[in-house]
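The listed protein sequences derive, respectively, from chains A and B. First residue of the first sequence? That's 1 in the working numbering, and the numbers climb one at a time after it. First residue of the second sequence? That's 1 in the working numbering, and the numbers climb one at a time after it. The beta carbon of each residue, even a glycine, is placed where N, CA and C say it ideally should be.
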Amino acid sequence: MSTPNPLLSLAISPSGFVFDPRTGATFSVNPVGRVLLEGIRDGQGLAALVDTLGDHFQVTDADLSRDVLEFAQSLKDQGLLTTDFQLA
Amino acid sequence: MTTTTHTPTAKPAYTRPSLLRHRSGLMNKMGTQPSLTPTEAIDGVPVETLVEAYGSPLFVYSQRTIEHRYRALRDELARRYPKVQPAWSYKTCYLDAVCRVYHKEGAWAETVSGMEVNKALRNGVPMHKVVFNGPHKEDAALLAALKGGALVNIDHFDELARIEQLSKIHGLFPQVGIRLNMATGTTPRWDRFGFNLDNGQAWDAVRRLTAGGRMSLRGLHAHFGTFVLDADNYRIGASKVAAFANRLRTELGITLEYLDLGGGFASKNRLKSQYLPGEQVTPSLAQYAEALTKGLADLDYPAHELPTLITETGRGLIDEAGTLITTVIANKRLADGRRAVVVDAGVNLLYTAFWYNFEVETTAPVHGVPEPTVIFGPLCMNIDVVREHIMLPALPVGTRLLIRPVGAYAVTQSMQFIHLRPAVTMIGLDGQHGVIKSAETLDDLVRGEVVPDWVEGAASVPGVEPTAPTPRAQTVALPRLTGALPSLTGATPAVGPDGRLH
Chain A
1 MSTPNPLLSL AISPSGFVFD PRTGATFSVN PVGRVLLEGI RDGQGLAALV DTLGDHFQVT
61 DADLSRDVLE FAQSLKDQGL LTTDFQLA
Chain B
1 MTTTTHTPTA KPAYTRPSLL RHRSGLMNKM GTQPSLTPTE AIDGVPVETL VEAYGSPLFV
61 YSQRTIEHRY RALRDELARR YPKVQPAWSY KTCYLDAVCR VYHKEGAWAE TVSGMEVNKA
121 LRNGVPMHKV VFNGPHKEDA ALLAALKGGA LVNIDHFDEL ARIEQLSKIH GLFPQVGIRL
181 NMATGTTPRW DRFGFNLDNG QAWDAVRRLT AGGRMSLRGL HAHFGTFVLD ADNYRIGASK
241 VAAFANRLRT ELGITLEYLD LGGGFASKNR LKSQYLPGEQ VTPSLAQYAE ALTKGLADLD
301 YPAHELPTLI TETGRGLIDE AGTLITTVIA NKRLADGRRA VVVDAGVNLL YTAFWYNFEV
361 ETTAPVHGVP EPTVIFGPLC MNIDVVREHI MLPALPVGTR LLIRPVGAYA VTQSMQFIHL
421 RPAVTMIGLD GQHGVIKSAE TLDDLVRGEV VPDWVEGAAS VPGVEPTAPT PRAQTVALPR
481 LTGALPSLTG ATPAVGPDGR LH
């Protein structure tokens, strides 16, 4: 039996309030963080997320790549991302 | 993934993504986060203007704040005691420009080494307005100070004997002071310097001094602690000194000329061990002045013979006048999840970071959710931590930060380590600004270095050609140190072109 993906059980409100029903933990994400959280939950990788965010915000690809990787690491640190993040 | 830069004009501003876990029970009055209202200018001069002109990192002193604090101290004391003379504590910041602002205001110089005495003379302070303290007064400087009428405060019995010896050799009968220490309620007890008043050592020192027949006592010096947050310690200390002065007058017939009751006033900085911020706990200059003079009310002297009250406050006067501008050079995420930011100024410039939690301010609006953050300096050293814990949002590379207050000790204790020291500037009363100490260059770093002959001839690094000749050492025998004292002649010490006493 495969381990359930914690991201799929998260409740994410439009205002950025995040609830993890497995543990009762709550989080705040800012708007960019919410886009990333939902994107990673939907299986998007680094390239796709950089493209998505780059279309919406005034920012360089280099900065986005760094921030996406850092955010993915934050999810791992919180036990919300249990698989390797797709770099492609 | 494309490598293009997205530069649409109508897109919203980007904020770095953040995920912040909610925690309860951690926020309290200690958990204050820095003001996110940016401080765009110092004394009306935009921070960016200063950085463009002088670079980052950059020390900035405010002449306005220096003068304001000095006048406040002088006036608070003068309202309460008839004879007051502040002296500027050179070790706190002995840059010429800073010292001369104080001297223009009327401050004497308080020094603790021959180098500092030279600095004071170089700044135009006559020797009789130099207070000379400290546990190690080099013979040449000590002799010049005695001849010139400086206020020499003796720290220990060995120094007392040395002054007697110098006086015999040079036919002097100097007037001196002695330094006292005593319990005033500070912890730890401040008893490293001077003669202890409580156990009778100070009384013995005065009797020994007068019995020697080579000098007379003109004053008493006491320093009750450092960063003293309870002003009442000054009332206790001043009262004890006053009682001692009364006893000297009645039992030994000594009428004192001055009482130098030191410094130790706290600034609004925040010690790492301090629970509340400085704004809430640091006594005002008026409170310190009130405590000091209340203690001196115990003096049993006729009004016209009251000794002059000398102060040598450093930190309490200048700390708030100094700011360090620094720039974010990187962001990191530590293994424990904390955010870390690396800035271009570290403990090489802020030795004081080992005991202070400085205020950190931004100079432009910064968006994002504040998180627990560590601020690291630029040194390749694990100890290079400017703030161990501060709530900050993500800071883009290039963000300017203001670290303050850093006016006291930061410049004089800064070190030439891994990075050269940056420029120090001052903003004048009318908004003019300029360098008061230039940024260092490699030439400054290697000045005085010598490669001895026996190294010069050794194997060189393969493929590396020396780019400039290095001064070659002369092989000389080291002079033997003897007990002979330097022979200084002439009553008035002078400073030679090399800045040394002659």
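Within chain A, partners of V288/B - CB distance below 7 Å: In the sequence as displayed, the identity of residue 288/B is Tyr instead of Val. In chain A, no part has a C-beta under 7 Å from the C-beta of Y288/B; the shortest such distance is about 45 Å.
Alpha-carbon to alpha-carbon, V206/B and E164/B: Each residue's Cα considered, the two are about 13 Å apart.
Reduced DSSP category for T111/B - H, G, I as helix; E, B as strand; rest coil: DSSP places T111/B within a strand segment (E or B) once states are collapsed to three.
Proximity of V131/B and L151/B at Cβ, strictly below 7 Å: The answer is yes: Cβ separation under 7 Å.
Which residues DSSP lists as bridging S216/B, in chain order: Bridge partners of S216/B according to DSSP: Q175/B.
Anticipated Cβ contact below 8 Å, A238/B with L292/B, distance rounded: The Cβ separation is near 5 Å, so the contact holds.
Beta carbon proximity, T15/B to chain A, threshold 7 Å: For T15/B, the nearest beta carbon of chain A is closer than 7 Å to its own beta carbon.
According to DSSP, residues forming a beta bridge with A222/B: The partner list for A222/B (beta bridge, DSSP) reads L180/B.
Assigned exposure category for D384/B - 16 Cβ within 10 Å defines buried: Counting Cβ neighbours within 10 Å, D384/B comes out buried, since at least 16 surround it.
Host beta strand (DSSP E) of Y258/B (start-end): Note, Y258/B: beta strand (DSSP E), 258-260.
Short CB-CB distance (under 7 Å) between N5/A and chain B: No, N5/A does not count as interfacial toward chain B.
S74/A at chain B interface by Cβ criterion, 7 Å: With 7 Å as the cut-off, S74/A counts as an interface residue toward chain B.
Neighbour list for R333/B in chain A, Cβ cutoff strictly below 9 Å: The answer, in chain order, is E70, Q73, S74, D77.
Listed by chain order, chain B residues near G33/A by CB distance under 7 Å: The CB of G33/A comes closer than 7 Å to the CB of P17, S18, L19 in chain B, given here in chain order.
Three-state secondary structure (DSSP) of R447/B: Looking at R447/B - three-state DSSP - the assignment turns out to be coil, as it is neither helix nor strand.
Stretch-stretch touch, CB-based, cutoff 8 Å, three pairs: the segment 341-352 of chain B with the segment 108-125 of chain B: In this structure the segment 341-352 of chain B does not lie against the segment 108-125 of chain B, because fewer than three pairs of beta carbons, one per stretch, are closer than 8 Å.
Short CB-CB distance (under 7 Å) between D67/A and chain B: Yes, because at least one Cβ of chain B sits closer than 7 Å to the Cβ of D67/A.
Reduced DSSP category for I318/B - H, G, I as helix; E, B as strand; rest coil: DSSP places I318/B in helix when its eight states are reduced to three.
The segment 98-118 of chain B contacting the segment 345-357 of chain B, beta-carbon criterion three pairs below 8 Å: Touching, no.
Under 7 Å (Cβ pairs) to chain A, residues found in the segment 383-407 of chain B: So the list is empty, because no residue satisfies the distance condition.
Under 7 Å between C-beta atoms of T373/B and L392/B: In this structure, L392/B lies closer than 7 Å to T373/B by Cβ.
I325/B to R400/B span [Cα, whole Å]: Spanning the two alpha carbons is a distance of roughly 7 Å.
F132/B - containing beta strand (DSSP E), residue span: Taken as a continuous stretch (DSSP letters only), the beta strand (DSSP E) holding F132/B covers 130-132.
Counterpart residues of T326/B in DSSP-defined beta bridges: Bridge partners of T326/B: L401/B.
DSSP state of M381/B mapped onto helix, strand, coil: The answer is coil: DSSP assigns M381/B none of H, G, I, E or B.
Cβ of F27/A within 7 Å of any chain B Cβ: Yes, its Cβ sits closer than 7 Å to a Cβ of chain B.
Residue closest to F173/B, alpha-carbon to alpha-carbon, out of G185/B, G149/B, D158/B: Nearest C-alpha to F173/B: G149/B.
R208/B versus L317/B: straight-line alpha-carbon distance, rounded: Rounded to whole angstroms, R208/B and L317/B show a C-alpha spacing of 36 Å.
Alpha carbon of Y409/B to alpha carbon of T282/B, nearest angstrom: Each residue's Cα considered, the two are about 18 Å apart.
Straight-line Cα distance separating C93/B from E449/B: Straight across, the Cα-Cα distance linking E449/B with C93/B is about 26 Å.
Neighbourhood of A330/B by C-beta, 8 Å cutoff - its chain only, sequence neighbours within 5 removed: Around A330/B: V341, V342, V397.
L259/B beta carbon less than 7 Å from that of T323/B: No; because the gap between Cβ atoms is not below 7 Å, this pair is not in contact.
Burial state of D453/B, where buried means 16 or more other Cβ atoms lie within 10 Å: In this structure D453/B is exposed. Its beta-carbon is surrounded by fewer than 16 other beta-carbon atoms within 10 angstroms.
K11/B (DSSP reduced to helix, strand or coil): DSSP places K11/B in coil when its eight states are reduced to three.
Pairwise C-alpha distance: R189/B and A221/B: Reading off the sequence, residue 221/B comes out as His, not Ala. For H221/B and R189/B, the gap between their C-alpha atoms comes out near 17 Å.
Contacts that L36/A makes with chain B (C-beta to C-beta distance below 9 Å): Listed along chain B, the residues sitting closer than 9 Å to L36/A by beta-carbon distance are P17, L19.
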